[in-house]
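Here the working numbering is used: the first residue of the sequence shown is 5, the next is one more, and so on.
Worksheet: the structure to be examined is printed underneath.
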Amino acid sequence: GGGGGGGEGDVLPHAHLHVHLRALEAAHVMFEVQVLDGKGVRRRFRASTAASGTRTKPFICTMPLRLAKGWNAISVDLASYTDRAFGTSFVGVLRVQLHANCRVRRCFLSAAPVDADA
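The following block contains the structure:
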């Protein structure tokens, strides 16, 4: 199901997720974002270096994550992803989880895209 995690009062309306990380040797990296959509449904996006392809189910979309050696700047437009994966509008972020087989320099949300060099 789509349940679990933060309450509706914890919704952050910022649609852009930014993660700056470096993978460790021979370790998989995964992060997951739970969003609230325009229908009031909690849905999840999961990006993982272990995933080989994109799969969408009613409450979760899993995507492959390819990382270069060294530091990686990842930016995700959650509004666009919510529309493309689930056909619904983005309301806000409920939770971000980093499964940390990696070094994390920054992880933040913003209302607009941010230059990777900023």
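Just so it is clear, CB atoms sit at the ideal spot from N, CA and C, and this is done for glycine as well.
In the DSSP annotation of this structure, the continuous segment of the beta strand (DSSP E) that includes phenylalanine 49 starts and ends at 46–52. DSSP places serine 56 in the coil class of the three-state scheme, outside both helix and strand. Inclusion of cysteine 106 and alanine 27 in the CB contact set at 8 Å is warranted, their separation being smaller than that value. Between the beta-carbon of alanine 77 and that of proline 68 there is about 17 Å, and that puts the pair past the 8 Å contact cut. Exposure of threonine 58 is indicated by the presence of fewer than 16 other C-beta atoms within 10 angstroms of its C-beta. Put simply, the backbone Cα of glycine 91 is about 23 Å away from that of histidine 22.
Under DSSP, aspartate 14 takes part in no beta bridge, so it has no partner. By DSSP's assignment, glutamate 36 forms a beta bridge with Arg50, Gln101.
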